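Visitor: What follows is a structure written as structure tokens; I'll ask about it next.
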Amino acid sequence: MIISGKELSARLKADMAEEVATFPAKYGRVPHLAVILVGEDPGSVSYVTGKAKASAEVGIRNTTIRKPATITEAELLGIIAELNADVEVDGILVQLPLPKHIDEDRVIAAIDKTKDVDGFHPLNVAALWQKQPCTLPCTPKGIIKMLKAAGVGIAGREAVVIGRSNIVGLPVAKLLLDENATVTVAHSRTRDLAEVTRRADILVVAIGRPKFVTADMVAEGAVVIDVGVNRDPESGKLCGDVDFAAIEPKASVITPVPGGVGPMTICCLMENTIECFLNKQK
Ligand code: NAP
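In the numbering used here, the protein residues as written are 1009 to 1290.
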């Protein structure tokens, strides 16, 4: 079974659009997401464009603020302070990565926690690890939604996550743990990685290396979630961290790249923006 993040996210966005359409009558306006793009990295430009398109589909107001890569950290912090103070802005997202002269951690920490739609603010991260109410990071949240939509049982299963980044590996491991999986986090220093990954009932791969996970690393019937977004050096096309063609016949459930985790990430960003908006109305 191939889980189409594209189809699932389309259904979820249609439901959100119906909900958002009721907001002007109830609350006097729709949710407003402000996205800051620094520089012109093609990957970042395409992500920001995708976020604006999804906002339009759902009926969320989107303001994209584009600044040159030469912007100073102080100027960027000034923009964030203005957006924090604007009562008609519900979500603030700074597209990463930022140019090297800007301290990303300082920028993320400057965003009002209640407007942190990416779930990267230290207070949101702390809340996640303490099982307190928080904004969940979009990619891990989308992965859990995909598993549930596909009817994959998580409790009691062996889950292996390859990658331990703050935005994917670590939070998805925590969410799987919260769903009562037995979780192993593997990384570049893991010994005999294939032996570890073959134990997985659920394998989540977030490395950033094209087709790194080969068929011999995956158990028969495993559920495989491919987070990677890479260029295939041979074909030049987008591909994941998993050798899809070789693993698809072996896996019980697998996500494609493109059209898998990526669309679910944007879908969860829309959901987080609505949540931040509704929290404010309470
Ligand atoms: P990252 O910060 O670069 O982290 C990569 C992780 O992979 C690190 O923990 C690293 O281990 C581990 N790793 C690297 N080489 C390895 C190896 N040979 N064996 C085992 N582990 C290895 O990456 P990220 O931000 O998590 O992103 C990972 C991938 O997901 C990228 O392709 C990115 O574009 C994609 N992504 C997709 C979405 C989406 O919505 N689809 C969202 C976010 C990211 P160490 O910690 O030991 O260095």
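Quick reminder that beta carbons are idealized off the backbone N, C-alpha and C, glycines included. Quick caveat: nothing in here was measured; it's all calculated off a predicted structure.
Taking 8 Å as the cut-off, does the CB of F1220 come closer than this to any heavy atom belonging to the ligand NAP?
Guide: The answer is yes for F1220.
Visitor: With a threshold of 8 Å, are at least 3 pairs of Cβ atoms found where one atom belongs to the segment 1024-1031 and the other to the segment 1277-1286?
Guide: As far as the Cβ criterion goes, the segment 1024-1031 touches the segment 1277-1286, which means the pair count is three or higher.
Visitor: Classify C1142 as helix, strand or coil using the three-state DSSP reduction.
Guide: Of the three classes helix, strand and coil, the one that applies to C1142 here is coil, per DSSP.
Visitor: Going by C-alpha distance, which of P1076, V1038, L1045, T1078 is nearest E1065?
Guide: That would be V1038, whose Cα lies nearest to the Cα of E1065.
Visitor: Taking the alpha carbon of E1166 as the reference point, which residue from L1144, A1077, V1232 has its own alpha carbon closest?
Guide: Nearest option by C-alpha distance: V1232.
Visitor: Taking E1166 as part of the beta strand (DSSP E), name the residues at either end of that continuous run.
Guide: Taken as a continuous stretch (DSSP letters only), the beta strand (DSSP E) holding E1166 covers 1166-1170.
Visitor: Terminal residues of the continuous alpha helix (DSSP H) containing R1019?
Guide: Taken as a continuous stretch (DSSP letters only), the alpha helix (DSSP H) holding R1019 covers 1013-1028.
Visitor: Starting from the N-terminal side, write out each stretch of the alpha helix (DSSP H) that is 4 residues or longer and does not extend beyond the segment 1265-1290.
Guide: For the segment 1265-1290, whole alpha helix (DSSP H) runs of length 4 or above, ordered along the chain, are 1269-1289.
Visitor: Is E1081 near H1109, with beta carbons less than 9 Å apart?
Guide: Yes, Cβ-Cβ distance for E1081 and H1109 is below 9 Å.
Visitor: Can you give, in chain order, each stretch of the alpha helix (DSSP H) that sits fully within the segment 1190-1245 and has at least 4 residues?
Guide: Fully enclosed alpha helix (DSSP H) runs of 4 or longer: 1201-1205.
Visitor: In terms of residue numbering, what span does the beta strand (DSSP E) encompassing R1069 cover?
Guide: Element bounds for R1069: 1069-1075.
Visitor: Label V1336 either buried or exposed according to how many other C-beta atoms from any shown protein chain fall within 10 Å of its C-beta, with 16 as the threshold for buried.
Guide: Look at the range of the chain in this structure, 1009 to 1290, and you will see that residue 1336 is not part of it.
Visitor: Looking only at its chain, what residues have a beta carbon closer than 6 Å to the beta carbon of E1112, apart from the 5 residues adjacent to it on each side?
Guide: The answer, listed in chain order, is L1106.
Visitor: Report yes or no: do the segment 1093-1104 and the segment 1116-1126 share at least 3 C-beta pairs separated by less than 8 Å?
Guide: Enough Cβ pairs lie closer than 8 Å, so yes.
Visitor: Does the segment 1173-1181 come close enough to the segment 1133-1145 that 3 or more CB-CB pairs lie under 8 Å?
Guide: In short, these stretches touch, since the Cβ pair count reaches three.
Visitor: Mind checking S1063: buried by the 16 CB within 10 Å criterion, or exposed?
Guide: S1063 is buried by the Cβ-count criterion.
Visitor: Between the alpha carbons of N1287 and A1230, how many angstroms are there, rounded?
Guide: Their backbone Cα atoms lie some 38 Å apart in a straight line.
Visitor: Write down the C-beta distance between G1150 and C1275 rounded to the nearest angstrom, noting that I regard them as a contact closer than 8 Å.
Guide: 6 Å between Cβ atoms; contact.
Visitor: Locate the alpha helix (DSSP H) running through E1180, then write down its first and last residues.
Guide: Looking at the sequence provided, one finds Val at residue 1180 rather than Glu. That run of the alpha helix (DSSP H) goes 1177-1186.
Visitor: Output the distance between the C-alpha atoms of P1264 and E1048, rounded to the nearest integer angstrom.
Guide: Going by the C-alpha atoms only, they are around 27 Å apart.
Visitor: Relative to the ligand NAP, is the shortest distance from any of its heavy atoms to the C-beta of C1146 smaller than 8 Å?
Guide: Yes, Cβ of C1146 sits closer than 8 Å to a heavy atom of the ligand NAP.
Visitor: Would DSSP call G1086 helix, strand or coil?
Guide: Of the three classes helix, strand and coil, the one that applies to G1086 here is helix, per DSSP.
Visitor: On the three-state DSSP scale, how would you describe L1041?
Guide: Three-state result, L1041: strand.
Visitor: Out of Q1289, E1228, P1241, state which residue places its alpha-carbon closest to the alpha-carbon of P1257.
Guide: Per the Cα distances, E1228.
Visitor: For I1132, collect the residues of the same chain with a Cβ closer than 7 Å to its Cβ; drop the 5 residues on either side in sequence, then sort them by chain order.
Guide: For the record, residue 1132 in the displayed sequence is Asn; it is not Ile. If we look at N1132 and ignore the five residues flanking it on each side, its Cβ neighbours are K1121, D1124, C1142, T1143.
Visitor: Would you tell me roughly how many angstroms separate the C-alpha atoms of N1174 and N1092, rounded to the nearest one?
Guide: Distance between the alpha carbons of N1174 and N1092 is about 23 Å.
Visitor: Could you tell me the distance, in whole angstroms, from the CA atom of V1046 to the CA atom of Y1055?
Guide: Near 12 Å, if we compare the C-alpha coordinates of Y1055 and V1046.
Visitor: Taking DSSP as the reference, what is the three-state secondary structure of V1097?
Guide: V1097: coil per DSSP, three-state reduction.
Visitor: May I have the straight-line CA-CA distance separating L1246 from L1185, to the nearest angstrom?
Guide: Their backbone Cα atoms lie some 30 Å apart in a straight line.
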